[in-house]
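Heads up, the thing below is written out as structure tokens.
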């Protein structure tokens with residue numbers, strides 16, 4: 082492989098890692114906002130907000146998985162650490 086191609090692949094991997102990290106952070110913030118909305122919502126809209134929270138949870142879990150795979154030498158340990166800090 083040429084030096085140029087290897088540099089491009091390294092750059093692309095760094096960009097992927099940065100994007101995954103940023104997306105995971107945005108989803109963490111969205112989930113926090115969703116929790117606030119859930120605490121403030123009653124009546125007819127409650128089920129809709131609960132569905133949103135479920136979707137945000139699933140989406141964040143997937144984003145965390147991708148982030149850990151791209152940005153950690155030990156993705157499993159990283160995911161366990163993140164889970165512990167949420168509780």
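Numbering (this note's numbering), first residue to last: 82 to 168. All C-beta atoms, glycine included, are put in the ideal place defined by N, C-alpha and C.
CB of residue i within 8 Å of CB of residue j, strictly
i, j, result
"residue 146", "residue 160", "yes"
"residue 141", "residue 102", "no"
"residue 63", "residue 87", "The chain is shown from 82 up to 168; residue 63 falls before or after that span and cannot be answered."
Residue i versus the options, residue with shortest Cα-Cα distance
i, options, result
"residue 149", "127, 104, 87, 114", "104"
"residue 139", "112, 89, 153", "112"
"residue 94", "165, 153, 162, 118", "153"
Residue burial classification, residue i (beta-carbon count within 10 angstroms, cutoff 16)
i, result
"residue 124", "exposed"
"residue 137", "buried"
Residues near residue i by beta carbon distance below 8 Å, same chain, minus five either side
i, result
"residue 144", "101, 104, 105, 108"
Close Cβ partners of residue i (< 6 Å) along its chain, the five nearest in sequence each way excluded
i, result
"residue 166", "none"
"residue 119", "130, 134"
Same chain, Cβ closer than 7 Å to residue i, five either side skipped, listed in chain order
i, result
"residue 97", "151"
"residue 156", "149, 150"
Near the ligand GDP: residue i beta-carbon under 7 Å from a heavy atom
i, result
"residue 107", "Only the bare structure without any ligand can be found here, which leaves the ligand GDP out of the picture."
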